[in-house]
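Residues 517 to 863 in the numbering used here are what the sequence shown lists, from first letter to last. Take a look at the structure below.
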Amino acid sequence: MLKCLLAPAALLYRAGVTFRHRLFDWGILKSEKFDIPIICIGNITVGGTGKTPMAEMLIAYMSQMHRVALLSRGYGRRTRGYLEVRGDSHYRDVGDEPLQIKLKFPGTVVVVCEKRAEGIRRIRAEHPEVDLIIMDDGFQHRYVDPKINIVMIDATRPVQHDKMLPQGTLRDIPEQLHRAHYFVVTKCPERMAPIDRRILRKVLIQVAYQRVYFTRFESFMPQPLYAGEAVGEHLAPGSRVIALSGIGNPAPFLQTLRSRYDVVEEVTLDDHHVYKVRDMNLLRDLLARHPGSVVVTTEKDAVKMTNRAKIPAAVRAALYYMPINISFIEDSATDFLQKVEEDVRGN
517 MLKCLLAPAA LLYRAGVTFR HRLFDWGILK SEKFDIPIIC IGNITVGGTG KTPMAEMLIA
577 YMSQMHRVAL LSRGYGRRTR GYLEVRGDSH YRDVGDEPLQ IKLKFPGTVV VVCEKRAEGI
637 RRIRAEHPEV DLIIMDDGFQ HRYVDPKINI VMIDATRPVQ HDKMLPQGTL RDIPEQLHRA
697 HYFVVTKCPE RMAPIDRRIL RKVLIQVAYQ RVYFTRFESF MPQPLYAGEA VGEHLAPGSR
757 VIALSGIGNP APFLQTLRSR YDVVEEVTLD DHHVYKVRDM NLLRDLLARH PGSVVVTTEK
817 DAVKMTNRAK IPAAVRAALY YMPINISFIE DSATDFLQKV EEDVRGN
């Protein structure tokens, strides 16, 4: 019933998005090309599809050959305009994902700017050594014409069965997928049937040069956020765990925890949640309610909880985060990264 009520709003949203694309196609709105290779990582749905792990993979590989900068809108920040992210930046000022990347790659230039073309011009002026820009979440932006478009697709929400917002999770029209060069399908089941891969290839590939890669998230052993105060270095299988997440699609994170540990509580918050004192007090109370348990959160959430003074000692001692990366199913990650590098260097 609710979806039927939302259908008119979805139709209006689709019409608005389509008209905006037409303005770019007709040249009324302009896409700007730059004299530096730009890799855009995007998607056409709301919620987590793995853009940040993909950005980290590309930075780690491309930094071997290039001076890389990452440009992000800095979603959810309380500031505006161009800001360069530092290791001591507050996530409220620069966004949680850009700060996560800066902490992981301190030598990489990380910039937030909602006007992407302006951000690129500032990077060129202030960091002339940079010869490759990775632009996070810019597929719909279109004011910048990147050299390479990598579109992340969530296997658990196939685009051919999805609806436009607010009826579904599509924030862009699938007809625009022809602009992609690479599709990276994430959250695939470990034993994905060949016919399912063929169906997705048929749905996604609209131009001969497009490539599709199938991946899943690989989760590592949870790490203590405050190593000097942690109750232990490693979590044994079956440990009592309180799951904490504020991400777009927490289902895979929760599923992984349930498969390894005894999850006694699940605290699921909105994407880009701003953690406050009351959240820390809630965690302290849950830990007291479940003696011997620990809190396990995502890497994205963990960067918001590094202010030691605002976190009760009992929570600091029991706070862990679970790192993830992207694991390729059919092809190797090296094959994908080498092809992207060839495209960066090519015409």
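Backbone N, C-alpha and C define an ideal beta-carbon position, used for all residues, glycine too.
When the Cα atoms are used, residue 776 and residue 758 turn out to be separated by approximately 13 angstroms. Nearest Cα to residue 763 within the set 818, 743, 793: 818. If you check the CB distance, residue 701 and residue 729 come in under 8 angstroms.
Look at residue 577 here: in three-state DSSP terms it is helix. The shortest C-alpha to C-alpha distance from residue 814 to any of 741, 794, 851, 862 is the one to 741. Contact between residue 625 and residue 585 holds, since their C-beta atoms are separated by about 4 angstroms, short of 8 angstroms.
A residue is called buried once 16 or more other Cβ atoms fall within 10 Å of its Cβ, and residue 582 is buried on that count. Counted as a single uninterrupted DSSP element, the alpha helix (DSSP H) harbouring residue 796 occupies residues 793 to 805. Annotation: the segment 673 to 761 contains the following complete segments of the beta strand (DSSP E) (minimum length 3 residues), in chain order: 698 to 702, 727 to 735, 756 to 761. The DSSP-derived three-state label of residue 558 is strand. Sixteen is the threshold: when 16 or more other Cβ atoms of the shown chains lie within 10 Å of the Cβ of residue 614, as they do, the residue is buried.
Taking residue 688 as reference, the option from 570, 862, 861, 534 with the minimal CA-CA separation is 534. Note on geometry: alpha-carbon atoms of residue 628 and residue 644 lie some 17 angstroms from one another. 710 is the residue among 752, 821, 771, 710 whose C-alpha sits nearest the C-alpha of residue 846.
The beta carbon of residue 603 sits closer than 7 angstroms to those of 618, 619, 622, all from its chain and outside the five residues before and after it, given in chain order.
For the segment 571 to 646, the full-length beta strand (DSSP E) segments reaching 3 residues or more read 584 to 588, 625 to 628 along the chain.
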